[in-house]
Amino acid sequence: MSASTTNPQSPTEDSAAFGVLRGPRRLIFGQGQRHAVAHEVAALGTRVLVCTDSRVAGSTAFAEMINGLRQAGCTVTVYDRVEAELPVTSVHECVTSAGDLAPDVVLGVGGGTCIDLAKAAALLLTHHGRLQDYYGENAVPGPVLPVVAVPTTGGTGSEVTPVCVLTDPAAEFKVGISSLHLIPDVAICDPDLTLSCPPALTASAGADALSHLVEAFTAVRRGPEVTTEQRVFVGKNMLSDHYARWGLGLIGRSLARAVDHPADRQARADVMLAANAGGYALGVAGTAAAHAVQYPVGALTKTPHGVGVGTLLPYVMRLNQSARSAEFAEIGAQLGAETTSDGGIDAVTDLLAAIRIPATLAELGVTDADAGYIAERTMRSRRLVDNNPVPLDEVTVRRLVDAAIAGDHSALSD
Ligand SMILES: NC(=O)c1ccc[n+]([C@@H]2O[C@H](COP(=O)([O-])OP(=O)(O)OC[C@H]3O[C@@H](n4cnc5c(N)ncnc54)[C@H](O)[C@@H]3O)[C@@H](O)[C@H]2O)c1
Ligand SMILES: [Fe+2]
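Listed below in structure tokens is the structure:
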């Protein structure tokens with residue numbers, strides 16, 4: 001057995017026994033568990049602000065949840081006009097729509113956009129002020145209203161993470177608010193809610209989850225001297241590794257099946273659980289280069305977050321190969337492929353191809369003329385750049401972007 005496949009419960013040889021795990025006070029997972037929503041919400045409050053989008057609001061499952069809340073004695077206000085990628089205007093509109101309700105609990109039902117809206121609304125309803133006062137890490141001054149998160153994609157993992165991601169027209173790209181106070185109180189994951197996801201959405205959300213798992217598993221490793229008072233994201237550690245391994249195994253066996261057989265409930269459950277594991281892993285370890293480069297790529301091409309990170313991931317892995325060969329070999333094993341570092345990169349590349357994620361940035365509409373801009377802007381996402389296992393400078397990122405535009409993996413090999 002190679003070093004990379006030794007006891008997965010033990011810290012790897014180059015690390016001290018150090019781990020951090022954070023998440024909601026309760027996570028409920030399983031087919032049909034959406035019926036637990038009314039009980040869980042009513043246990044936290046009786047004046048409920050519900051954050052969702054118009055598509056989810058029109059579903060039978062959503063109507064049942066709202067009926068259940070009313071039967072449980074709750075007063076409910078639904079805000080269902082959030083736009084994809086969460087513009088800050090949606091957050092303000094949502095908070096205003098609460099009017100005189102004075103919510104004591106916020107319920108987010110939908111994809112990452114709706115759950116992030118619930119977090120941002122809970123933040124403003126508690127601490128007021130402007131959203132930009134809280135951008136970055138650890139700027140939220142204290143606990144926020146309790147949030148119950150019910151994801152309908154598999155997915156961002158936002159139901160367990162300490163982050164919400166917003167689009168602010170005043171900033172060039174998306175902005176994040178990262179704080180332990182934004183971790184939802186309760187996450188209810190019912191994989192049957194993802195049965196209606198069309199293949200392209202299953203693929204983009206699944207590629208995002210795969211990227212979270214790979215980037216968290218291969219992130220920079222910081223020592224136990226890093227405390228969670230200093231940082232929300234503490235780097236790769238034995239507990240984030242545990243979740244990443246678990247999620248990789250699940251996503252490897254079921255993501256392509258969920259895309260090609262949308263009604264396969266077992267595949268849907270595996271993918272949602274993998275996405276959830278990805279949320280636990282990234283919520284402490286953080287993500288890295290694929291996410292950093294995706295921000296300017298997404299701003300330029302207006303392509304979904306998961307498509308951008310998925311396209312970039314194989315190139316980032318090739319760039320990081322010298323620093324993370326043992327982890328890549330293990331990824332190969334988890335994905336049922338060869339247990340070598342090339343095997344891990346090939347397995348991720350093949351899985352992304354199987355779910356029809358574009359293989360190059362050129363296919364997303366990026367041209368050579370964009371490369372310099374993308375590299376320069378990537379370097380501004382300092383937190384993500386610093387989390388990459390291979391140190392990044394603008395020249396290295398430019399090499400990565402050029403290779404990803406051209407589809408030239410060999411340009412990144414040592
Ligand atoms: N907070 C975090 O930890 C975190 C992590 C990763 C990504 N994100 C953010 O999450 C957002 C992306 O979330 P997402 O990928 O879940 O998509 P989304 O929430 O943006 O939804 C995309 C589309 O899918 C539709 N949809 C959602 N569930 C559906 C279902 N069950 N059936 C049919 N259609 C459905 C929505 O109505 C919407 O039109 C981005 O803004 C991204 O930046 C947040
Ligand atoms: Fe992501």
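Take 1 as the starting number for the sequence shown in this note's numbering and just add one per residue.
Using N, Cα and C, we set each Cβ at its ideal position, and we do this for glycine too.
Predicted, not measured: the structure shown is a model, and the values here were computed from it.
>> Just to confirm my understanding: we take PRO199, look at its own chain, exclude 5 residues before and 5 after, and list those with CB closer than 6 angstroms. What are they?
In response: VAL259.
> By Cβ distance, which residues of its chain are closer than 6 angstroms to ALA72, with the 5 residues on each side in sequence left out?
Replying inline: The beta carbon of ALA72 sits closer than 6 angstroms to the beta carbons of ALA38 and ALA42 from its chain, once the five residues preceding and following it are set aside; these are given in chain order.
> At what residues does the alpha helix (DSSP H) containing LYS119 begin and finish?
Replying inline: Segment 112 to 127, the alpha helix (DSSP H) holding LYS119.
>> Below 7 angstroms, is the gap between the Cβ of ASP393 and the nearest heavy atom of ligand 2?
In response: Incorrect: ASP393 has no Cβ contact closer than 7 angstroms to ligand 2.
>> Starting from PRO199, trace the alpha helix (DSSP H) in both directions and tell me its first and last residue.
In response: Per DSSP, the unbroken alpha helix (DSSP H) holding PRO199 starts and ends at 199 to 217.
> With distances taken from CA atoms, which of GLY68, VAL234, ARG221 and GLN321 is nearest PRO162?
Replying inline: Considering only GLY68, VAL234, ARG221 and GLN321, the residue with the shortest C-alpha distance to PRO162 is VAL234.
>> Using C-beta distances below 8 angstroms, list every residue in its chain close to SER90, excluding the 5 sequence neighbours before and after it, in chain order.
In response: Take SER90, set aside five residues on each side of it, and the residues of its chain with a beta-carbon closer than 8 angstroms to its own are ARG81, VAL82, GLU83 and LEU117, in chain order.
> Helix, strand or coil: how does DSSP classify VAL187 here?
Replying inline: The identity of residue 187 in the sequence shown is Ala, whereas the question assumes Val. In the structure shown, the three-state DSSP call for ALA187 is strand.
>> Based on DSSP bridge pairs, tell me the residues matched to LEU107.
In response: Answer is VAL50 and VAL148, bridged to LEU107.
>> In chain order, what are the residue ranges of uninterrupted beta strand (DSSP E) at least 3 long that sit wholly in the stretch 81 to 107?
In response: DSSP runs (the beta strand (DSSP E)) wholly in the stretch 81 to 107: none.
> Can you tell me where the beta strand (DSSP E) with ILE357 in it begins and where it stops?
Replying inline: Looking at the DSSP string, ILE357 is not in any beta strand (DSSP E), and its letter there is neither H nor E.
>> Just to be sure I understand the criterion: a residue counts if its Cβ is closer than 6 angstroms to at least one heavy atom of ligand 2. Which residues meet that?
In response: That query returns the following residues: ASP208, SER211, HIS212, HIS291, HIS305 and VAL309.
> Between GLN334 and the rest of its own chain, which residues show a CB-CB distance below 7 angstroms, the 5 nearest in sequence each way excluded?
Replying inline: If we look at GLN334 and ignore the five residues flanking it on each side, its Cβ neighbours are ARG245, LEU248, GLY249 and GLY252.
> For LEU101, which of GLY108, TYR79, GLY23 and GLY110 has the nearest alpha-carbon?
Replying inline: With distances taken between Cα atoms, LEU101 lies closest to TYR79.
> If you draw a straight line from the alpha carbon of GLY279 to that of ALA292, how long is it in whole angstroms?
Replying inline: Approximately 17 angstroms between the Cα atoms of the pair.
> Any heavy atom of ligand 1 closer than 7 angstroms to the Cβ of GLU172?
Replying inline: Answer for GLU172: no, Cβ out of range of ligand 1.
> Where does the unbroken beta strand (DSSP E) through PHE29 begin, and where does it stop?
Replying inline: Counting along the chain, PHE29 sits inside the beta strand (DSSP E) bounded by residues 26 to 29.
> Is the stretch 366 to 377 close to the stretch 290 to 304, with three or more CB pairs under 8 angstroms?
Replying inline: Remark: three or more beta-carbon pairs, one from each stretch, lie closer than 8 angstroms, so the stretch 366 to 377 and the stretch 290 to 304 are flagged as touching.
> Counting Cβ pairs, one atom from each stretch, are 3 or more of them under 8 angstroms apart for the stretch 350 to 365 and the stretch 269 to 286?
Replying inline: No, the stretch 350 to 365 is not in contact with the stretch 269 to 286.
> Where does the unbroken beta strand (DSSP E) through SER178 begin, and where does it stop?
Replying inline: From DSSP, the beta strand (DSSP E) with SER178 extends over 174 to 178.
> Whose C-beta lies closer than 8 angstroms to the C-beta of THR5 among residues of the same chain, with five residues either side of it excluded?
Replying inline: Its pLDDT being 36, under 50, THR5 is placed unreliably in this model, and the coordinates cannot settle the point.
>> Are there any heavy atoms of ligand 1 lying less than 7 angstroms away from the beta-carbon of GLY112, as far as the coordinates show?
In response: It does: the Cβ of GLY112 is within 7 angstroms (strictly closer) of some heavy atom of ligand 1.
> Pick from PHE18, PRO304, VAL48 and ASP342: whose alpha carbon is nearest that of ALA203?
Replying inline: If we check each option's Cα against that of ALA203, PRO304 comes out closest.
> Which residues in the same chain as ARG26 place their Cβ atom closer than 6 angstroms to its Cβ, once the five residues preceding and following it in sequence are excluded?
Replying inline: Closer than 6 angstroms at Cβ, skipping near neighbours: VAL186.
>> Let me make sure I understand the geometry here. Which of PRO169, ALA263, GLY310 and GLY136 has the alpha-carbon closest to that of ARG231?
In response: It is GLY136 whose Cα lies nearest to the Cα of ARG231.
>> On the CB-based measure, 16 or more other CB atoms within 10 Å of its CB, does LYS236 come out buried or exposed?
In response: In summary, LYS236 is buried, with 16 or more beta-carbon neighbours lying within 10 Å of its beta-carbon over all protein chains present.
> What's the gap between the Cα of PRO87 and the Cα of ARG324?
Replying inline: Here the alpha carbons of ARG324 and PRO87 stand approximately 36 angstroms from one another.
> Secondary structure at LEU166, three-state DSSP: helix, strand or coil?
Replying inline: Strand, per DSSP.
>> Could you pull the DSSP bridge partners for GLU137 from this structure?
In response: Answer is SER178.
>> Please list the terminal residues of the continuous alpha helix (DSSP H) segment that includes VAL76.
In response: Element bounds for VAL76: not the alpha helix (DSSP H) but the beta strand (DSSP E), 75 to 79.
> When every heavy atom of ligand 1 is checked, does at least one fall within less than 7 angstroms of the C-beta of VAL91?
Replying inline: Distances between the C-beta of VAL91 and the heavy atoms of ligand 1 are all 7 angstroms or more.
> Run through DSSP, which three-state label would ARG130 get?
Replying inline: For ARG130, the three-state secondary structure derived from DSSP is coil.
> Hey, quick one: how far does the alpha helix (DSSP H) through GLU394 stretch, first residue to last?
Replying inline: 394 to 406 is the span of the alpha helix (DSSP H), which, as asked, contains GLU394.
> Is it right to say ALA120 is buried, meaning 16 or more other beta carbons lie within 10 angstroms of its own, or is it exposed?
Replying inline: The residue is buried, with at least 16 neighbouring Cβ atoms inside 10 Å.
> Which whole runs of the alpha helix (DSSP H) in the stretch 281 to 336 are 4 residues long or more, in chain order?
Replying inline: Within the stretch 281 to 336, the alpha helix (DSSP H) runs of at least 4 residues that lie entirely inside it are, in chain order, 289 to 301, 305 to 320 and 325 to 334.
> Between which two residues does the alpha helix (DSSP H) containing ARG245 stretch?
Replying inline: 238 to 260 is the extent of the alpha helix (DSSP H) around ARG245.
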